[in-house]
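Right, one structure below, let's go through it.
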Amino acid sequence: MNCNQEEFLICTIATLLESSQHVAVGMASPVPGSAALLAREETKGRIDGLRLSMIGGDANNPFTDGGRELFDCSGQGRFDTFFLGGVQIDGQANINLVGTGEYPAMERRFPGSFGSAYMYFVVPKVILFRPEHTRRVFVPEVDFISAPGTSEEGVYRPGGPHALVTELCLMIFDRKRKRFQLASVHPGHSVEEVLDNTGFEFDIPETVPETLGPTDHRLELLRTQISPKIAKTYPEFVARVFETAD
Amino acid sequence: MAIFTTLDDLAQEIKDGTLIVLPPDYSNVPIAAVFALIRRRVKGLHLLFAPIGGIAGDLLIGAGCVKTLEAAAITMGEAGLAPRFSEAVQTNSIKIKDSTCPAIHTALQASEKGVPFMPLRGLIGSDVLNNRPDWQVITDPFDENHGPIVLLPAIQPDIALIHTRLADREGNVWIGKRRELVTMAHAAKTTFVTVEEIQEENLLEDERTATGTLPDMYIGAIARAKKGCWPLGLAGHYVPDGKAITEYVEAAKTQAGFEEWLEAHSVPQ
Numbered sequence: 004m005n006c007n008q009e010e011f012l013i014c015t016i017a018t019l020l021e022s023s024q025h026v027a028v029g030m031a032s033p034v035p036g037s038a039a040l041l042a043r044e045e046t047k048g049r050i051d052g053l054r055l056s057m058i059g060g061d062a063n064n065p066f067t068d069g070g071r072e073l074f075d076c077s078g079q080g081r082f083d084t085f086f087l088g089g090v091q092i093d094g095q096a097n098i099n100l101v102g103t104g105e106y107p108a109m110e111r112r113f114p115g116s117f118g119s120a121y122m123y124f125v126v127p128k129v130i131l132f133r134p135e136h137t138r139r140v141f142v143p144e145v146d147f148i149s150a151p152g153t154s155e156e157g158v159y160r161p162g163g164p165h166a167l168v169t170e171l172c173l174m175i176f177d178r179k180r181k182r183f184q185l186a187s188v189h190p191g192h193s194v195e196e197v198l199d200n201t202g203f204e205f206d207i208p209e210t211v212p213e214t215l216g217p218t219d220h221r222l223e224l225l226r227t228q229i230s231p232k233i234a235k236t237y238p239e240f241v242a243r244v245f246e247t248a249d
Numbered sequence: 008m009a010i011f012t013t014l015d016d017l018a019q020e021i022k023d024g025t026l027i028v029l030p031p032d033y034s035n036v037p038i039a040a041v042f043a044l045i046r047r048r049v050k051g052l053h054l055l056f057a058p059i060g061g062i063a064g065d066l067l068i069g070a071g072c073v074k075t076l077e078a079a080a081i082t083m084g085e086a087g088l089a090p091r092f093s094e095a096v097q098t099n100s101i102k103i104k105d106s107t108c109p110a111i112h113t114a115l116q117a118s119e120k121g122v123p124f125m126p127l128r129g130l131i132g133s134d135v136l137n138n139r140p141d142w143q144v145i146t147d148p149f150d151e152n153h154g155p156i157v158l159l160p161a162i163q164p165d166i167a168l169i170h171t172r173l174a175d176r177e178g179n180v181w182i183g184k185r186r187e188l189v190t191m192a193h194a195a196k197t198t199f200v201t202v203e204e205i206q207e208e209n210l211l212e213d214e215r216t217a218t219g220t221l222p223d224m225y226i227g228a229i230a231r232a233k234k235g236c237w238p239l240g241l242a243g244h245y246v247p248d249g250k251a252i253t254e255y256v257e258a259a260k261t262q263a264g265f266e267e268w269l270e271a272h273s274v275p276q
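Protein chains in written order, with my numbering: chain A, 4 to 249; chain B, 8 to 276.
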């Protein structure tokens, strides 16, 4: 079955959630949200089935103690997986959600750091998701550190970056070495293309596999069961992505 | 007890230079009151979002009402970037105190408890922290490894400004599960509320509504405003007007377009 880019990325992220127990999804995250709903659907009925808590709208949102509850639960370690993005991301996995140019009167201002300056530290497995894979995004050094990829010894940090998913590839972050390693390249793209479009250095193993595409069953599940669920939080995303499928 | 007043009189009570806290876009944003503030040409507001802002912030910034802004982000959600906010920051015409969501919740909780500061995990090594001279890093006195931890001073807003579906004649206000409104109201010196409806029965006398009720002791003023969140939604009552929000974002890309949109939509009720 053919799938569009969003569907492919949703399924790629869902695969990364296979060992997760409780995924939290933040604001403005339709692709990660869809992936988490999909992974939950696939583990439904199992004692270790995935739990999911989403914010941004009332659907799929279990919280009843106000905006702080997501962060309080995160501080306690109730979630093992969260998603973050970035206007810029560098090779040390520092992320910038604030803007480009010199702070504060930046050349281009974006919304702001959201909860990243906290969540990146406390949630064990943070998946970075940024579809646009260009040197504009993946820079040698971010212009503003909303949240650092790694911390000095002594800083309380059970959490941090685990993987980076883009329109071209999947990378895994090695916290000890403070470097990304290319894990797989999506079908139709090449290692060369990833190198050409990445502004930071990263490790390339001798053989780089192709990222596995979604099975027909998974795509079917996504289109029939998951799209109406995510539409409750992200109606415009669903109208754009799923109506034009195939 | 809270006074019952009109929307424009309520706006008159919010003086220039006030520190106002507003809720995030998904939670009872008092846009009708924002329009009333713009009509009264309020100046020099210190605006705090608990913790993220959207069109309310963009409107007040575009109308020149804001001196400083503290938020974890200003976003128009699926409609894109907040145009007046972005331009104001890029041209340095407002002072921005960039924060992160839990820092704002925590600073409000400190005020709620009447303590001068609260600690928060994370932040160390970020430029968010590096640009906040009002925050301090100390050695955690309880940590045997003597690790660092950030202290945030309490934030006590002058006024929490919210919209809700229902109030009663005693000045109690129903907020349901919108508990961020409770934190805001507890932290602020007083809370001004716009409401869809006012009922005769006391909300605190029914166990089913009492737990979701903000009692009169926190409330300064109440004014009616039908569809008071428009173009945003009011949970359980009406949904956001996505088309109007998209039109706003398009129009507000220029100051002239913004003013035209405002002229057409901020008319008195």
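Heads up, the beta-carbon is just placed ideally off N, CA and C, and yes, glycines get one too.
From residue i to residue j, what distance separates their C-alpha atoms?
{"i": "Q206 of chain B", "j": "P247 of chain B", "result": "25 Å"}
{"i": "L76 of chain B", "j": "D219 of chain A", "result": "49 Å"}
{"i": "P140 of chain B", "j": "G102 of chain A", "result": "20 Å"}
{"i": "F183 of chain A", "j": "I21 of chain B", "result": "51 Å"}
{"i": "I81 of chain B", "j": "A114 of chain B", "result": "19 Å"}
{"i": "A234 of chain A", "j": "V241 of chain A", "result": "6 Å"}
{"i": "L239 of chain B", "j": "T210 of chain A", "result": "51 Å"}
{"i": "R128 of chain B", "j": "Q163 of chain B", "result": "21 Å"}
{"i": "H112 of chain B", "j": "P107 of chain A", "result": "23 Å"}
{"i": "Q276 of chain B", "j": "K234 of chain B", "result": "In this prediction, Q276 of chain B has a pLDDT of 47, which is less than 50 and means its spatial position is unreliable; nothing more can be read from the coordinates."}
{"i": "K104 of chain B", "j": "D32 of chain B", "result": "19 Å"}
{"i": "V200 of chain B", "j": "I229 of chain B", "result": "5 Å"}
{"i": "H25 of chain A", "j": "R160 of chain A", "result": "19 Å"}
{"i": "Q19 of chain B", "j": "A117 of chain B", "result": "29 Å"}
{"i": "I68 of chain B", "j": "V28 of chain B", "result": "14 Å"}
{"i": "P148 of chain B", "j": "P126 of chain B", "result": "12 Å"}
{"i": "E270 of chain B", "j": "S32 of chain A", "result": "33 Å"}
{"i": "C6 of chain A", "j": "E151 of chain B", "result": "53 Å"}
{"i": "P30 of chain B", "j": "T198 of chain B", "result": "12 Å"}
{"i": "M8 of chain B", "j": "A174 of chain B", "result": "13 Å"}
{"i": "K50 of chain B", "j": "A43 of chain B", "result": "13 Å"}
{"i": "T247 of chain A", "j": "E223 of chain A", "result": "At T247 of chain A the pLDDT is 49, less than 50, meaning the model places this residue with poor confidence; the figure from the coordinates comes in the next sentence. Taking the straight line joining both Cα atoms gives about 14 Å."}
{"i": "F117 of chain A", "j": "R71 of chain A", "result": "12 Å"}
{"i": "W268 of chain B", "j": "I101 of chain B", "result": "22 Å"}
{"i": "P217 of chain A", "j": "C14 of chain A", "result": "6 Å"}
{"i": "A186 of chain A", "j": "P212 of chain A", "result": "7 Å"}
{"i": "T214 of chain A", "j": "M30 of chain A", "result": "27 Å"}
{"i": "A40 of chain B", "j": "R91 of chain B", "result": "19 Å"}
{"i": "Y121 of chain A", "j": "E208 of chain B", "result": "43 Å"}
{"i": "P123 of chain B", "j": "E257 of chain B", "result": "43 Å"}
Quick one: residues in its chain with C-beta nearer than 7 Å to the C-beta of residue i, no 5 flanking neighbours on either side, listed in chain order?
{"i": "T236 of chain A", "result": "G36, M57, G59, G60, A62, N63"}
{"i": "L136 of chain B", "result": "L130, W142, V157"}
{"i": "P65 of chain A", "result": "S56"}
So, under 8 Å CB-CB, residue i and residue j are touching, yes? Tell me the CB distance rounded to an integer number of Å.
{"i": "T190 of chain B", "j": "E119 of chain B", "result": "6 Å"}
{"i": "F176 of chain A", "j": "H165 of chain A", "result": "6 Å"}
{"i": "P109 of chain B", "j": "F124 of chain A", "result": "Rounded, the Cβ-Cβ distance is 10 Å, inconsistent with contact."}
{"i": "N200 of chain A", "j": "S149 of chain A", "result": "Rounded, the Cβ-Cβ distance is 22 Å, inconsistent with contact."}
{"i": "G96 of chain B", "j": "M109 of chain A", "result": "The sequence shown places Val at residue 96 of chain B, rather than the Gly named in the question. Between M109 of chain A and V96 of chain B the Cβ distance is about 7 Å, and since that is below 8 Å, they are a contact."}
{"i": "S119 of chain A", "j": "L87 of chain A", "result": "5 Å"}
{"i": "N97 of chain A", "j": "G52 of chain A", "result": "So it is not a contact: roughly 34 Å between Cβ atoms."}
Quick one: residues in its chain with C-beta nearer than 6 Å to the C-beta of residue i, no 5 flanking neighbours on either side, listed in chain order?
{"i": "K357 of chain B", "result": "Summary: the structure shown does not reach residue 357 of chain B, with chain B confined to residues 8 through 276, and so no result is reported for it."}
{"i": "L12 of chain A", "result": "V34"}
{"i": "G126 of chain A", "result": "What sits at residue 126 of chain A in the sequence shown is Val, not Gly. Within the same chain, V126 of chain A has close Cβ partners S77, F82, F85, G162."}
{"i": "V36 of chain B", "result": "P30, A63, C236, L239"}
{"i": "C72 of chain B", "result": "V49, L52"}
{"i": "G60 of chain B", "result": "A78, I81"}
Please return the same chain residues whose Cβ sits closer than 8 Å to the Cβ of residue i, not counting the five positions on each side in sequence.
{"i": "D255 of chain A", "result": "No answer is possible for residue 255 of chain A: it lies beyond the span of chain A, which begins at 4 and ends at 249."}
{"i": "I38 of chain B", "result": "I62, A63, L66, H170, G235, C236, W237, P238, L239"}
{"i": "R138 of chain A", "result": "N200, T201, G202"}
Problem set entry | Near-chain A residues of the stretch 42-74 of chain B (beta-carbon distance less than 8 Å), N- to C-terminal order | Listed by position, the residues of the stretch 42-74 of chain B near chain A (Cβ gap below 8 Å) are A57, P58, I59.
For this session: Taking only beta carbons into account, state which residues of the stretch 79-99 of chain B come closer than 9 Å to chain A, listed in chain order.
Result: So the list reads A79, A80, I81, T82, M83, G84, E85, A86, L88, A89, F92, S93, E94, A95, V96, Q97, T98, N99, given in the order they occur along the chain.
For this session: Starting from the N-terminal side, write out each stretch of the alpha helix (DSSP H) that is 4 residues or longer and does not extend beyond the stretch 100-167 of chain A.
Result: Positions of the alpha helix (DSSP H) runs, each at least 4 residues long and wholly inside the stretch 100-167 of chain A, are given as 119-125 in order along the chain.
Exercise. Got a sec: which bits of the stretch 171-189 of chain B sit with their beta carbon under 8 Å from any beta carbon on chain A, in order along the chain?
Worked result: Listed in sequence order: K184, R185, R186, E187, L188, V189.
For this session: Please specify which runs of the beta strand (DSSP E), each continuous and at least 3 residues long, are wholly inside the stretch 130-156 of chain B, giving them in chain order.
Result: As far as the stretch 130-156 of chain B is concerned, its whole beta strand (DSSP E) runs of at least 3 residues are 143-146.
Problem set entry | Residues, ordered as in the chain, of the stretch 126-139 of chain B that lie near chain A by beta-carbon distance below 9 Å | Shown in chain order are the members of the stretch 126-139 of chain B whose Cβ falls below 9 Å from a Cβ of chain A: L127, R128, G129, L130, I131, G132, S133, D134, V135, L136, N137, N138.
For this session: Tell me the start and end of each unbroken beta strand (DSSP E) in the stretch 218-270 of chain B that is at least 3 residues and wholly inside, in chain order.
Result: Segments of the beta strand (DSSP E) lying fully in the stretch 218-270 of chain B: 226-231.
For this session: Closer than 9 Å, Cβ to Cβ, to anything on chain A: give me those residues from the stretch 227-256 of chain B, in chain order.
Result: Listed by position, the residues of the stretch 227-256 of chain B near chain A (Cβ gap below 9 Å) are A242, G243, G249, T253.
For this session: Determine which residues of the stretch 67-94 of chain A have a Cβ less than 7 Å from any Cβ of chain B, and write them out in chain order.
Result: Answer in chain order: T67, D68, G69, G70, R71, F74, G78.
Exercise. Where are the beta strand (DSSP E) runs, 3 residues long or more, that stay fully inside the stretch 45-99 of chain A, in chain order?
Worked result: Fully enclosed beta strand (DSSP E) runs of no fewer than 3 residues occupy 54-57, 84-87, 91-93 of the stretch 45-99 of chain A, in order along the chain.
Exercise. If you scan the stretch 46-124 of chain B from start to end, which runs of the beta strand (DSSP E) of 3 or more residues do you find wholly inside it?
Worked result: Qualifying beta strand (DSSP E) stretches, in chain order: 52-56, 73-78, 102-105.
Problem set entry | the stretch 115-137 of chain A: positions lying closer than 8 Å to chain B by Cβ | Near chain B, meaning a CB-to-CB distance below 8 Å, the residues of the stretch 115-137 of chain A are G115, S116, F117, G118, S119, A120, Y121, M122, Y123, F124, V125.
Problem set entry | Whole runs of the beta strand (DSSP E) within the stretch 161-216 of chain A, excluding any shorter than 3 residues | As far as the stretch 161-216 of chain A is concerned, its whole beta strand (DSSP E) runs of at least 3 residues are 164-168, 172-177, 182-188.
Problem set entry | Residues within the stretch 16-27 of chain B neighbouring chain A, beta-carbon criterion of under 8 Å | Residues of the stretch 16-27 of chain B whose Cβ lies closer than 8 Å to any Cβ of chain A: none.
Problem set entry | chain A contacts made by the stretch 146-168 of chain B, where a contact means CB separation under 9 Å | Listed in sequence order: D147, D150, N152, H153, G154, P155, I156.
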